[in-house]
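Residues -13 to 427 in my numbering are what the sequence shown spells out, letter by letter.
Glycine included, C-beta positions come from ideal geometry on N, C-alpha and C.
Note that this is a predicted model, so its numbers are computed, not measured.
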Amino acid sequence: MTEPLRVGVAGLGTVGASVIRILARQGKSLSQRVGRPVRVTAVAARDRTKDRGGLDLSGCEWFASPVELARSGAVDCVVELMGGADGVARDTVEAAIEAGKDVVTANKALLAKHGLALARAAEARGLALAFEASAAGGIPVVKTLREALPANAVHRLYGILNGTCNYILSRMEAERCPFEVALREAQRLGYAEADPTFDIEGYDTAHKLAILTSLAFGAEIDAEAVYVEGISKITLLDLAMADELGYRIKLLGVAERTHTGIEQRVHPTMVPKSTAIAQVMGVMNAVTVDADAVRELTLIGPGAGGDATASAVVADIADVASGLRRPPFGRPTDRLERAERAPMQRHEGGYYIRLAVSDRPGAFAGIAARMAEAGISLESIVQRRSEAAATQDPHGRSGAPVPVVLITYATEEAAVRAALEKIGADGVIAEPPQVIRIERE
Ligand SMILES: NC(=O)c1ccc[n+]([C@@H]2O[C@H](COP(=O)([O-])OP(=O)(O)OC[C@H]3O[C@@H](n4cnc5c(N)ncnc54)[C@H](OP(=O)(O)O)[C@@H]3O)[C@@H](O)[C@H]2O)c1
């Protein structure tokens, strides 16, 4: 196999430009490794006149239309690096498969929504649909799940899959600065978009989790089944309480096989400080896999950034050049399980519940009674005199709400929700409760 692999790159932004630079830099070593030259022969982007930092596009045919690039006879492998679940990215990938081209993409939104249909189409034509860069950027977690763990039944997978959120939480914890300040800093440093909703409200993590869940459990991708909560309501008080109780707060994506089906959830999570994942700070990502043979495996690395993400894209291009065509989700699509969705209400685990309790007689006894009625056992209760109470009335009650934190033993989400609804109706709390799930080791 000495014919060059002719690569068409659709999208010349952060990742696309890095892919082209790395292929130029590593070209010789790559061709020795895969046994043939790898050449970028075609590119597409929106604006041909844009300054791309001296990116060398000589020898590449320019396509104004990525779909035309995908259909071009001058391309064997289409690398989609534009983004978006639908529109031009989907059209390009579909056109490439229809035209018999192997596809490499970093597009988690596209895969989360159309991954199964695209995998079926690629499989029917014996083509590659490779997406190492789509989840956790530079961490080779897709290959690890798809190729390195066939001896294992995976019980649970969890990860820090969004560097923006991890940066914000790390910064809040280290510098005791509020969420809004940490977010502004993340935006200033280019870690967060001008509109950060997609990252901070957990949707980006949900897309990546859906991809990893399919690979880990051999199940059809089901992004709509993911329960999603973001980090925007995490306060400095929660971080301080977590610290006091031996935890850190991370935005985790968690997938677990339970007796009610596969649970997929994204939410701020208390993780014991002793765990590997709790040590992961700043923009870094991490994924932990709990499986029967390997026990626990944690991969840590850069989850985003041009070169780190391009590292994963180029690994996929190398596979295509070597003629490796694995089923995209680890097994043929008709052998992927259509798994039951485990409802969030049936989730079982420990909970951190912070209440702003009215400083009046009987309020706390009423709360304890509601928890007991719902069958919830409390592991610990931490009561903090509020600053207002401490300053206004050092001798007794001030009427200002008092922060009370309850840590529960393992209990069902439905029981927690029911108890909190009753506590709210009793009129003993001054603001909506803060609920953070605790992830066991
Ligand atoms: N950035 C990361 O760290 C990272 C990490 C993991 C995965 N990813 C994924 O990688 C993909 C690319 O991300 P990115 O950060 O490189 O994006 P980006 O910097 O915004 O670049 C997008 C590129 O796509 C081109 N494009 C957009 N719409 C187009 C259209 N209709 N026709 C032709 N070209 C079009 C743009 O052209 P112009 O340059 O002319 O505007 C630009 O070159 C996304 O799926 C993203 O989720 C990114």
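Given a threshold of 16 other Cβ atoms within 10 Å of its Cβ, counted over all protein chains shown, does residue i qualify as buried or as exposed?
i: A411; result: exposed
i: P164; result: exposed
i: E365; result: exposed
i: K36; result: exposed
i: A211; result: buried
i: S344; result: buried
i: L195; result: buried
i: V53; result: buried
i: L143; result: buried
i: P288; result: buried
i: V61; result: buried
i: L198; result: buried
i: H193; result: buried
i: V257; result: buried
i: G45; result: exposed
i: L9; result: buried
i: S120; result: buried
i: K14; result: exposed
i: H245; result: exposed
i: T295; result: buried
i: K94; result: buried
i: R76; result: buried
i: G(-6); result: buried
i: K259; result: exposed
Are the Cβ atoms of residue i and residue j separated by less than 9 Å?
i: I362; j: Y395; result: yes
i: L16; j: A307; result: yes
i: E334; j: E398; result: yes
i: V390; j: F350; result: yes
i: L237; j: C151; result: yes
i: G188; j: V269; result: no
i: R25; j: R57; result: no
i: L225; j: R162; result: yes
i: G123; j: A290; result: yes
From the DSSP secondary-structure annotation, give me the bridge partner or partners of residue i.
i: F203; result: According to DSSP, which records beta bridges pairwise, F203 is partnered with nothing at all.
i: G239; result: G145, V252
i: L364; result: T394
i: P258; result: Y233
i: V24; result: L(-9)
i: N271; result: G287
i: L341; result: V390
i: G247; result: T244
i: I424; result: M256, G336
i: R327; result: I248
i: C63; result: V(-7), D88
i: Q369; result: V390
i: V140; result: A277
Return the chain-ordered list of same chain residues with a C-beta closer than 7 Å to the C-beta of residue i, the five sequence neighbours on each side being excluded.
i: L201; result: V128, L131, R132, F315, G316
i: V90; result: C63, V65, A116, V299, D302, I303, V306
Going by beta carbon distance, what residues of the same chain come within less than 8 Å of residue i, once the five residues before and after it are set aside?
i: E80; result: L104, A107
i: A433; result: Past the boundaries of the shown model lies residue 433; the chain is included only from -13 to 427, so the question cannot be answered.
i: H141; result: E242, R243, D276, A277, D278
i: L310; result: A114
Which residues in the same chain have their Cβ closer than 6 Å to the Cβ of residue i, if we skip the five residues on either side of it in sequence?
i: G(-3); result: L67, M68
i: I146; result: N152, K236, V266, N271, A272
Fully enclosed by the stretch 67 to 126, which beta strand (DSSP E) runs are 3 residues long or longer? Whole beta strand (DSSP E) segments, 3+ residues: 88 to 91.
Please give me, in chain order, every unbroken run of the alpha helix (DSSP H) with length at least 4 that falls completely inside the stretch 146 to 232. Within the stretch 146 to 232, the alpha helix (DSSP H) runs of at least 4 residues that lie entirely inside it are, in chain order, 149 to 161, 165 to 174, 183 to 186, 189 to 203, 222 to 231.
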